[in-house]
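Right, here's the structure in full:
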């Protein structure tokens with residue numbers, strides 16, 4: 002370890018980063034493992050018969066090892082990564098053991114289909130999660146809750162063979178920046194990264210927490226690249242009614258350290274103990290009573306882990322915003338657990354004490370809506386701890402938090418009454434309709450006559466916060482063929498923010514009518530299933546854009562109050578529904594007259610069966626919009642030019658009659674896509690069908706993204 006990382010005190014002890022390394026090294030080494038080929042069998046899970054080192058990894062929770070995907074892919078170019086068995090050698094006190102593990106999942110998921118060549122850099126985040134296949138006792142690292150690393154001194158650990166035998170060693174360096182939109186961390190060249198260290202932990206020495214996973218070294222000299230552990234939040238989302246893998250693992254992580262902190266069965270140092278011994282940061286504005294003590298922080302994480310998880314990422318973000326008084330860092334990935342919310346409260350704005358901010362947040366969590374009912378007394382136990390801790394910090398804070406909790410309890414009761422349909426604000430949402438929460442908004446703009454497109458992905462707040470838009474990501478000059486790949490990661494992030502345990506969030510695709518043929522519903526983002534099968538997908542006209550007549554700004558139906566658009570929307574939502582062919586008559590193309598469109602009943606759903614980027618359909622889509630229709634149907638025609646549209650119109654008429662009202666159509670179209678994807682011949686007519694859905698309660702942003710530098 003370099004001598005310049007700390008000074009020596011008069012009693013011979015080191016200070017600064019050197020002292021932090023001395024304190025943390027035993028804990029990190031105990032939790033770091035060597036990854037290799039699996040042992041010969043399961044009859045002796047502690048067998049020492051191992052092959053060459055593939056790389057390193059580390060225990061992040063009981064029974065779970067985190068490493069790099071390229072480590073578990075070693076020597077198996079044609080082997081499927083997920084489900085592959087590997088060997089894990091680790092230390093348990095003075096004893097070394099070997100156990101078999103199975104790869105649970107890899108990130109990104111597309112590595113299973115598109116793996117890089119030998120010696121090529123694997124796609125970010127290049128992570129693999131391994132489930133241990135035997136109950137063994139082992140140590141675990143402490144994972145950071147911060148969404149961004151701080152550029153400070155770090156130590157990295159992994160398996161080396163400097164003396165001829167494998168051992169876990171550590172070196173020190175500094176973080177030099179980020180890459181890959183924050184997914185990767187650049188490491189300084191203070192020391193070398195040996196090949197066997199890949200997959201090992203990177204530890205923030207000032208705070209005593211793992212912030213990264215070693216990924217690659219530079220070809221010449223020292224330094225390299227690590228993956229931010231925050232990328233664990235991109236693990237596949239759970240199916241409806243299940244707890245996701247990320248939340249399960251972080252819950253186990255926090256409960257492990259909570260149990261270690263409370264245990265008095267041995268006198269070995271815990272991570273919490275060492276956190277209390279780390280050298281203080283110079284110039285820390287929250288030193289002393291401004292921060293929670295390490296023991297208080299561990300206890301808070303443990304109490305939060307004993308609660309059911311939040312219903313969605315937006316629940317966490319809303320609580321954090323309420324405490325901070327400003328919107329939290331929008332940098333992805335989105336917060337998924339209660340602990341992730343705490344990570345957004347470090348160094349709060351306006352001079353607010355960090356400890357006070359975290360106690361306000363914990364108070365709000367104690368009265369929040371959970372995915373399922375909490376265990377008896379779990380929320381009360383959290384509140385009792387908050388109240389006792391507040392008295393240590395500042396006695397008046399306890400009174401403030403008590404009033405905050407009373408307001409929260411009253412609001413929770415109001416929400417429960419509303420859910421039961423007894424709210425003073427009106428009845429609950431009828432069965433089969435869209436959820437009232439946030440949706441994901443995808444906007445795509447064409448570059449004039451160029452065959453390239455700009456795009457933007459945002460979170461569009463629900464009717465309770467109409468007009469509020471939170472950006473996720475944007476890009477410029479993507480080709481039509483390249484749009485699905487360019488949008489894969491941003492869309493996945495948007496879904497993480499908006500999906501709840503009850504329902505997948507709505508995807509709203511706001512594009513000019515000539516792009517209504519964009520096959521967004523057929524794109525595969527996560528899980529190997531098309532978007533239109535996973536969730537409801539609807540089309541929208543972009544707000545404030547020009548119509549087919551140059552220079553004539555046309556008002557978006559969702560921007561109007563009252564008038565034809567409002568009446569038509571209300572009437573078609575209630576039903577019954579009446580379909581009307583807009584661009585077709587007896588199988589032949591036609592252009593609908595304005596007078597004819599405006600004279601149709603308000604419960605009419607105009608139907609288009611031809612290509613949206615060609616006449617007469619393009620003009621019809623504009624005319625339908627101008628006539629105030631908020632619900633319409635379009636489709637991508639089949640590739641055979643002579644195919645009859647009669648089955649489509651017949652199937653749609655039956656579907657609309659069976660639906661009865663428009664409010665259920667987004668979910669019914671999702672069901673139809675699922676049936677067609679599942680090879681149901683009775684649903685093949687719906688292939689390529691799209692639903693135009695101009696909900697006035699969800700106004701769109703009117704600004705367009707910049708089209709790059711001049």
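In my numbering, the protein residues as written are 2 to 711.
Ideal Cβ placement from N, Cα and C applies to all residues, glycine included.
Quick one: what does DSSP say residue i is sitting in, helix, strand or coil?
i	result
residue 37	strand
residue 140	coil
residue 472	strand
residue 404	helix
residue 311	strand
residue 630	coil
residue 123	coil
residue 54	strand
residue 106	strand
residue 694	strand
residue 569	helix
residue 453	strand
residue 267	coil
residue 536	coil
residue 213	strand
residue 435	coil
residue 202	strand
residue 80	coil
residue 306	helix
residue 635	strand
residue 69	strand
residue 657	helix
residue 519	coil
residue 665	helix
residue 501	strand
residue 478	strand
residue 62	strand
Nearest-angstrom Cα distance between residue i and residue j?
i	j	result
residue 110	residue 498	19 Å
residue 120	residue 211	27 Å
residue 18	residue 216	23 Å
residue 496	residue 166	46 Å
residue 269	residue 30	14 Å
residue 275	residue 20	11 Å
residue 693	residue 32	53 Å
residue 528	residue 505	13 Å
residue 429	residue 418	Residue confidence is low: residue 429 scores 41 on pLDDT, short of 50, so the model does not pin down where it sits. Its coordinate-derived value is still stated next. One C-alpha to the other measures close to 9 Å.
residue 690	residue 97	60 Å
residue 586	residue 118	55 Å
residue 655	residue 259	58 Å
residue 178	residue 567	51 Å
residue 739	residue 296	Nothing in the structure corresponds to residue 739, since the chain is present only between 2 and 711.
residue 112	residue 128	10 Å
residue 711	residue 220	Note on residue 711: pLDDT 38, under 50, position unreliable in the model; the coordinate value appears next. Spanning the two alpha carbons is a distance of roughly 37 Å.
residue 601	residue 628	10 Å
residue 619	residue 482	22 Å
residue 349	residue 327	10 Å
residue 53	residue 37	6 Å
Between the beta-carbon of residue i and the beta-carbon of residue j, is there less than 8 Å?
i	j	result
residue 293	residue 301	yes
residue 607	residue 647	no
residue 188	residue 174	yes
residue 203	residue 157	yes
residue 660	residue 674	no
residue 467	residue 699	yes
residue 657	residue 598	no
residue 394	residue 358	no
residue 87	residue 102	yes
residue 34	residue 126	no
residue 512	residue 491	no
Run through the DSSP bridge pairs and tell me what residue i is partnered with.
i	result
residue 97	92
residue 160	169
residue 531	525
residue 225	188, 218
residue 443	458, 510
residue 413	Paired residues: none, contrary to the question.
residue 132	65, 103
Checklist line | Secondary structure, beta strand (DSSP E): runs of 3+ residues fully inside the segment 173 to 199 | finding: 185 to 188
Check: Which ranges would you report for the alpha helix (DSSP H) in the segment 309 to 391 if only whole runs of at least 4 residues count?
Finding: 314 to 325, 339 to 344, 355 to 367
Item checked: Ordered list of alpha helix (DSSP H) runs contained in the segment 572 to 623, each at least 4 residues -> 595 to 599
Next item on the list: Scan the segment 228 to 263 and note each continuous alpha helix (DSSP H) run of 4 residues or more that stays entirely inside, going in chain order.
Entry: 246 to 263
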